[in-house]
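In the working numbering, the protein residues as written are 6 to 132.
In this text, a Cβ means the ideal position worked out from N, Cα and C, and glycines have one as well.
One structure is given below, encoded as structure tokens.
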């Protein structure tokens with residue numbers, strides 16, 4: 006099961022080849038989204054795609070969310086100690102959500118790759 010970050014969704018709706026694997030994951034019913042990713046995603050989608058987005062998102066499973074702020078602080082501290090700077094709170098919460106729900110994280114953002122070596126997040130890898 007895969008938590009799909011907004012970066013992948015945006016590229017998917019643009020028709021970008023990098024996100025094409027998402028179609029297969031959707032067909033396999035292996036895709037999760039959370040409310041934070043959804044909130045990031047909605048402003049990025051053009052109006053003409055709104056109906057398609059609504060239909061698709063309503064069929065995607067939602068990962069339950071809770072925020073452990075001490076864990077977020079610890080993650081950010083570990084990032085800084087290891088030279089990983091400028092990671093936003095939203096991305097730390099997304100990592101925490103993937104870990105808490107035992108989901109792989111599919112993102113096109115490079116900083117998730119850097120953080121995967123420090124935190125127990127499993128990244129979805131395309132072939």
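* Thinking just about the alpha-carbon of each residue, which of 126, 39 and 15 is nearest to the one in residue 70? -> 39
* **Beta-carbon proximity list for residue 13, same chain, < 7 Å, skipping 5 on both sides** => 24, 27, 111, 112 and 113
* Asked: Does the distance from the C-beta atom of residue 11 to that of residue 46 stay below 9 Å?
  -> yes
* Asked: Should residue 80 and residue 119 be called a contact, given that it needs their Cβ atoms to be closer than 9 Å?
  -> no
* Asked: CB-CB under 7 Å to residue 62, same chain, minus the five flanking residues each way: which ones, in chain order?
  -> 38 and 43, listed in sequence order.
* **Neighbourhood of residue 94 by C-beta distance below 7 Å, restricted to the same chain and skipping five residues each side** => 77
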